[in-house]
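Since the structure comes first, as structure tokens, the remarks are kept for the end.
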Amino acid sequence: MMISAATTTEGGASLPLDGEVDARHGPILYMEDVSVSFDGFRALNHLSLYIDDGELRCLIGPNGAGKTTLMDVITGKTKPDSGSVFFGQTIDLLELDEPAIAQAGICRKFQKPSVFDALTVFENLELALKTDKRTWPTLFHKLNSEQRDRIHDVLQTIALPAQQRQLAGALSHGQKQWLEIGMLLMQDPKVMLVDEPIAGMTHQEVERTAELLLSLQGRHSIVVVEHDMEFVRSIARKVTVLHEGSVLTEGTMDEVQNDTRVIQVYLGG
Amino acid sequence: MNLQNLTQDKTYASVLIALASVTLLIPLCNLIFPEDSALHFSAYSVSLIGKYLTFALLGLSLDMVWGYAGILVLGQGAFFALGGYAMGMYLMRQIGTRGVYGNAELPDFMVFLNWTELPWYWNGFENFGFAMLMVFLAPGLLAFVFGWLAFRSRVTGVYLSIITQALTYALLLAFFRNEMGFGGNNGLTDFKDILGFNIQSEAVRSILLLMTGLSLIGALLLCRWIVNSKLGRVVTAVRDQESRVRFLGYRVELFKLWVFVFAAMLAGLAGALYVPQVGIINPSEFSPLNSLEIVIWVAVGGRGTLYGAIIGAVLVNYAKTVLTGLMPDAWLFCLGGAFILVTLLMPDGIVGLLRRRSKPKPTLNATGGQPA
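So the sequences go chain by chain: A and B.
For the record, in the first sequence the residue sitting at position 65 is 65 according to UniProt numbering, with numbers rising by one throughout.
For the record, in the second sequence the residue sitting at position 209 is 209 according to UniProt numbering, with numbers rising by one throughout.
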């Protein structure tokens, strides 16, 4: 919906337009001092996290460290008790709801693959397509050739062109994961939040997923939550370790793996 | 998928053809054949068939909102009744001085209540165009306000169903009250004319049947167009994974509201076509039981198919006519039994049964399968 416009400051020439994300200062996503509790349980505890524009970041941490809650906060599903979450310099995500955040360019792949089983692969991608998402324009929406091409491109990227007319419910688990990644691509997001992308995938599929995510960095900022350390090692430059709702440490995979606190958390947890 | 589409299209086409022939042949027969001919339909059967078709339209409206949007509305009858009342008010104003009290302005029940002037909300209903507008607006507006509040607060599932049931019950109680100005428990009846023609005459009955049939066909085509549009796919997606759709950037509550209001207007149209054919509208149309029956029609026919709702509505109501004639006390047990049986044995209703018969045994590879 309405994204608060970039405020006018001095200069003006290179200012982002209305609704554009101002990432000129580096980070595209700012979370500062965010706390969330559910019935006394602190899911996020004064967490601060910055994601740079175009970066591929991996989030790891034991169960209950707050990884999924963190994604819930960014995408508007959960409102934090305190703290601030900004998209670029100007967009306060706490003022927006889920559809508005999605339209602003933050998209999410869920832990459990969430595709629409009753629709075909093609239709799943069509629904995700970045376009006018109000009711009446949706009723009269017809794909133009450019949008069709876009869908076919994504079908190629996620290696499902042969399945485009199949119901998504008939796909294998790994294919559903890919389809959901494809749905993210259709939205042409600035930030992709990817929760456990390789669960249920074969070894080859895992490799292809790694390649895909690596090829997307730069154009999109990607945050990956994953338990598979092998996989994280293969894609991550920078890893953030969450523990008990806050950032334990950040660094390269090697740094993180040799950090005594991390070892303690993983072995002790 | 393709095979399924084909059989679906075939059944869909046969339903359309059946509807078109009923709609056209019966009035035509009555025009051509004399009254003593075997091919002449009595006024009673013409009205009865017309009534079934209005129920089919009502069932269709519920299938849009329940079968596609997944919103189990247990108060769809309220919108039907509101449409019916709008039409009834027009028909009451047409009576003019021919009422028992001969009052040109006031319907009989108002004279009886010693009212001296028409309540403000009766103004305009002497105009057919205005009344027809209200047929859509009254249910549409109620659905809009109700749906806006309910969907925005993310009331879903069984809670929403119960509130819709409460809504129709509240309207039932309200319309029973004489002070409401809708004729209390007697409702509106004793109609004389519609657009200046005698409402009892055979020709008008045939034309009403024709109008009902055409409305039903038009509504079926429109509904099919909607469910095959992108909006239809969004709505199906909402039915299956509501929160996921939100993260794609769609305002789920507005899509639900859109379908809910559309279905309410369709139900209102059904009510407006029903009233002149049965000659009465009273508060019992708001009864929660009526709304539950609509759900059974759709379940029996097969939800989420559009034409299944039509088949279900006609069959169940035909059974009702026959059974209430034979053993009036047993009808509700039959209805309840049918619902249980359908739920247990035919989760996809009659249409599901037809499809299963015309489709080769589904295997996993027929729909799924790995890429070669």
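C-beta atoms are modelled at their ideal positions from N, C-alpha and C, and glycine is treated no differently.
- Counting only runs that start and end inside the stretch 280-321 of chain B, the alpha helix (DSSP H) elements of at least 4 residues fall at 288-301.
- The DSSP-derived three-state label of Pro27 (chain A) is strand.
- At a Cβ-Cβ threshold of 7 Å, Arg93 (chain B) and Glu126 (chain B) count as neighbours.
- Identification of residues in the stretch 274-300 of chain B having a C-beta nearer than 9 Å to some C-beta of chain A yields an empty set.
- Residue-level contact by beta carbon fails for His220 (chain A) and chain B, as no gap is shorter than 7 Å.
- Residue state for Gly174 (chain A) is assigned as helix, using DSSP reduced to three classes.
- Identification of chain A residues near Arg251 (chain B) by a Cβ-Cβ cut-off of 7 Å yields Pro99, ordered along the chain.
- Look at Ala168 (chain A): its C-beta is not under 7 Å from any C-beta on chain B.
- Inside the stretch 44-129 of chain A, DSSP marks whole alpha helix (DSSP H) runs of 4 or more residues at positions 67-74, 98-104, 121-128, from first to last along the chain.
- Collapsing the DSSP output to three states places Lys238 (chain A) in a strand.
- Taking a beta-carbon distance threshold of 7 Å, Gln217 (chain A) does not count as an interface residue toward chain B.
- Within a 10 Å sphere around the beta-carbon of Trp66 (chain B) sit 16 or more other beta-carbons, which makes this residue buried.
- Asn186 (chain B) sits in a helix when the DSSP states are folded into three classes.
- Listed in chain order, the alpha helix (DSSP H) elements of length 4 or more contained wholly in the stretch 160-204 of chain B amount to none.
- Between the alpha carbons of Ser246 (chain A) and Gly61 (chain A) lies a distance of about 10 Å.
- With a threshold of 16 other beta carbon atoms within 10 Å, Met87 (chain B) meets it and is buried.
- Here DSSP, grouped into helix, strand and coil, assigns Glu230 (chain A) to helix.
- Where Asp254 (chain A) is concerned, the enclosing alpha helix (DSSP H) starts and stops at 253-257.
- Taking a Cβ-Cβ threshold of 9 Å, the residues of chain B close to Ala128 (chain A) are Leu248, Gly249, in chain order.
- Beta bridge pairing from DSSP links Val36 (chain A) with A:Leu44.
- At a cut-off of 7 Å between C-beta atoms, Arg108 (chain A) counts as an interface residue with respect to chain B.
- In terms of Cα proximity to Asp39 (chain A), the closest of A:Leu47, A:Pro197, A:Leu70, A:Asp81 is A:Asp81.
- Taking Ile226 (chain B) as reference, the option from B:Phe255, B:Ser291, B:Gly213 with the minimal CA-CA separation is B:Phe255.
- Boundaries of the alpha helix (DSSP H) around Val259 (chain B): 252-278.
- In chain order, Thr135, Thr138 make up the part of chain A whose C-beta sits under 9 Å from the C-beta of Phe255 (chain B).
- By the Cβ test, the stretch 34-54 of chain B is not in contact with the stretch 292-309 of chain B, since fewer than three Cβ pairs between them sit closer than 8 Å.
- By DSSP's assignment, Leu167 (chain A) forms a beta bridge with A:Thr120.
- Three or more Cβ pairs drawn from the stretch 214-226 of chain A and the stretch 47-59 of chain A lie within less than 8 Å of each other, which places the two stretches in contact.
- The C-beta distance from Tyr68 (chain B) to Gly268 (chain B) rounds to 19 Å, too long to meet the 8 Å contact threshold.
- Within chain A, no C-beta atom comes less than 8 Å from the C-beta of Thr116 (chain B); the nearest is roughly 46 Å away.
- Close to Trp258 (chain B), with beta-carbon spacing below 7 Å, are these residues of chain A in chain order: Thr135.
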